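Each protein sequence line maps, in turn, to chains A and B. Take 1 as the starting number for the first sequence in full-length UniProt numbering and just add one per residue. Take 1 as the starting number for the second sequence in full-length UniProt numbering and just add one per residue. Written out below as structure tokens is the structure these notes cover.
There are 2 protein chains.
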Amino acid sequence: MVRWAPNARGRLEQAALELFGERGYDATTVKEIAERAGLTERTFFRHFADKREVLFGGTTLQDGLVGTLAEIPEDTAPLAAVAATLEAAGELFDGRRDLVRQRQALIAAHPELQERELIKLATLGSALAAALRERGIAEPAASLAAEAGMAVFKVAFERWLEDAEEQAFTQHLRDGFAGLKTLTAGA
Amino acid sequence: MVRWAPNARGRLEQAALELFGERGYDATTVKEIAERAGLTERTFFRHFADKREVLFGGTTLQDGLVGTLAEIPEDTAPLAAVAATLEAAGELFDGRRDLVRQRQALIAAHPELQERELIKLATLGSALAAALRERGIAEPAASLAAEAGMAVFKVAFERWLEDAEEQAFTQHLRDGFAGLKTLTAGA
Numbered sequence: 001m002v003r004w005a006p007n008a009r010g011r012l013e014q015a016a017l018e019l020f021g022e023r024g025y026d027a028t029t030v031k032e033i034a035e036r037a038g039l040t041e042r043t044f045f046r047h048f049a050d051k052r053e054v055l056f057g058g059t060t061l062q063d064g065l066v067g068t069l070a071e072i073p074e075d076t077a078p079l080a081a082v083a084a085t086l087e088a089a090g091e092l093f094d095g096r097r098d099l100v101r102q103r104q105a106l107i108a109a110h111p112e113l114q115e116r117e118l119i120k121l122a123t124l125g126s127a128l129a130a131a132l133r134e135r136g137i138a139e140p141a142a143s144l145a146a147e148a149g150m151a152v153f154k155v156a157f158e159r160w161l162e163d164a165e166e167q168a169f170t171q172h173l174r175d176g177f178a179g180l181k182t183l184t185a186g187a
Numbered sequence: 001m002v003r004w005a006p007n008a009r010g011r012l013e014q015a016a017l018e019l020f021g022e023r024g025y026d027a028t029t030v031k032e033i034a035e036r037a038g039l040t041e042r043t044f045f046r047h048f049a050d051k052r053e054v055l056f057g058g059t060t061l062q063d064g065l066v067g068t069l070a071e072i073p074e075d076t077a078p079l080a081a082v083a084a085t086l087e088a089a090g091e092l093f094d095g096r097r098d099l100v101r102q103r104q105a106l107i108a109a110h111p112e113l114q115e116r117e118l119i120k121l122a123t124l125g126s127a128l129a130a131a132l133r134e135r136g137i138a139e140p141a142a143s144l145a146a147e148a149g150m151a152v153f154k155v156a157f158e159r160w161l162e163d164a165e166e167q168a169f170t171q172h173l174r175d176g177f178a179g180l181k182t183l184t185a186g187a
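Spelled out as structure tokens, the structure:
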């Protein structure tokens, strides 16, 4: 019988962050994460390939963003479509700033996690470029819009994490796109 | 006695690419690379920390770009300064397209090399942002200009590698910055 596990993924992510904080990333096992979440190891591996992946949400962010982009009207300018798409990530971030900060501190302390994070971001940029091409945007505009969007996303994310005034991620993202426009106009 | 080794670094890079192509990356040893270059293992390790690093040129690119940026007039607009800096990389690429293509094919085939490449690019973006702050550019403009520049660099580099017409890297880079300006104006 399969145990009913509402939001198993979220519970596993939360349990992993707690344990990584208490015992350290290296010392924590998948078994312990599953136990803390009140789930089995088998359930863990149904959601995540390994201990590292629990910090990277599987393909949730990428699937969410590509799905969002598909719903934006086709006549929206490429970079505006990317900006609107990335704003959807705000829903995943705002209200979870402390958890995201914990996660980023862990990543900063473990080179293997930094590598995974960079690969995730690069894959996300490629996925956005592919989704733009499917909307009929030609290269190099598709890749430029996707990569420039990821550049703004990266800067906005760092500023959102460090923001003492705790402004919403969306605000930092909008400031970033406005800043990019000013920079390119002046170059 | 130290053996006179003009351009030891370049000879090691060339020997490594030859051997990786002939025998595969995994099967090639540092000893074999040094022998092919007519140098000792000790000389190899004076230039590179390990076999992987021989593909990433130590800190040559980063030092070169940060040095170039320092020589650009202070009143140059941030993104224009980044563009001019990244053009300097063209000198490292043009005339070596076949070698760079060999290198990229190797990287594409080895996840551990892809991770290293992404870390190098991320580090380069951070170094450019730091160099812009030293020129008095405030945040987030410094990080935005650096990351947007790296986004254009990445797209230009991919297009330069695949370009059947073999246009110069500088041309692809200029097209990229012009394309970014068009995209931001329309967003």
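Ideal Cβ positions, reconstructed from N, Cα and C, are used throughout, including at glycine. This one's a predicted model, so the numbers in the text were calculated from it and none came from an experiment.
Neighbourhood of Leu113(A) in chain B, by CB distance below 8 Å: empty, with the nearest CB roughly 11 Å away. If you look at Phe45(A), you'll find it in the alpha helix (DSSP H) that goes 41-47. With contact defined as three or more Cβ pairs closer than 8 Å, the segment 160-178 of chain B and the segment 88-103 of chain B are in contact. Annotated three-state conformation of Pro111(B) is helix, per DSSP. As the crow flies, the alpha-carbon of Ala16(B) is around 12 Å from that of Gly57(B).
Not flagged as an interface residue toward chain A: Gly136(B), since no C-beta distance is shorter than 7 Å. Under the 7 Å criterion on CB atoms, Glu165(A) is classed as non-interfacial with respect to chain B.
The Cβ-Cβ distance between Phe20(A) and Leu106(A) falls below 7 Å. In this model, Ala141(A) and Leu183(B) are separated by some 8 Å (Cα to Cα). Taking 7 Å as the threshold, the shortest C-beta distance from Lys31(B) to chain A does not fall below it. Contact of Ser126(B) with chain A is not assigned, every C-beta pair being separated by 7 Å or more.
Secondary structure note for Phe56(A): it is in no alpha helix (DSSP H), with a DSSP letter that is neither H nor E. Residue-level contact check: Leu92(B) does not touch chain A, since none of the beta carbons of chain A fall below 7 Å from its beta carbon. In the DSSP assignment, Asp175(B) falls within the alpha helix (DSSP H) that extends over 169-186. Flagged as an interface residue toward chain B: Glu147(A), by a C-beta distance shorter than 7 Å. Residue-level contact check: Ala80(A) touches chain B, since one or more beta carbons of chain B fall below 7 Å from its beta carbon.
Restricting attention to alpha helix (DSSP H) runs no shorter than 4 residues, the segment 125-166 of chain B encloses them at 141-162, ordered along the chain. Counting only the Cα atoms, Lys51(A) lies some 16 Å from Gln102(A). Classified as buried, Lys154(B) has 16 or more neighbouring CB atoms from the shown chains inside 10 Å of its CB.
Put simply, the segment 144-151 of chain B touches the segment 79-87 of chain B. At least three CB pairs are less than 8 Å apart. Taking each of Ala187(A), Gly179(A), Arg133(A) in turn and checking the Cα distance to Ala151(A), the smallest one comes out for Gly179(A). In terms of Cβ geometry, Leu173(B) and Ala156(B) form a close pair [threshold 7 Å]. Here the C-alpha atom of Thr60(B) lies approximately 10 Å from the C-alpha atom of Val66(B). Of the candidates Asp163(B), Ala8(B), Leu124(B), Glu139(B), Ala8(B) places its Cα closest to the Cα of Leu39(B). In the DSSP assignment, Pro78(A) falls within the unbroken alpha helix (DSSP H) covering 78-87. Here the segment 27-45 of chain A makes no contact with the segment 112-129 of chain A; the two share fewer than three CB pairs at distances below 8 Å.
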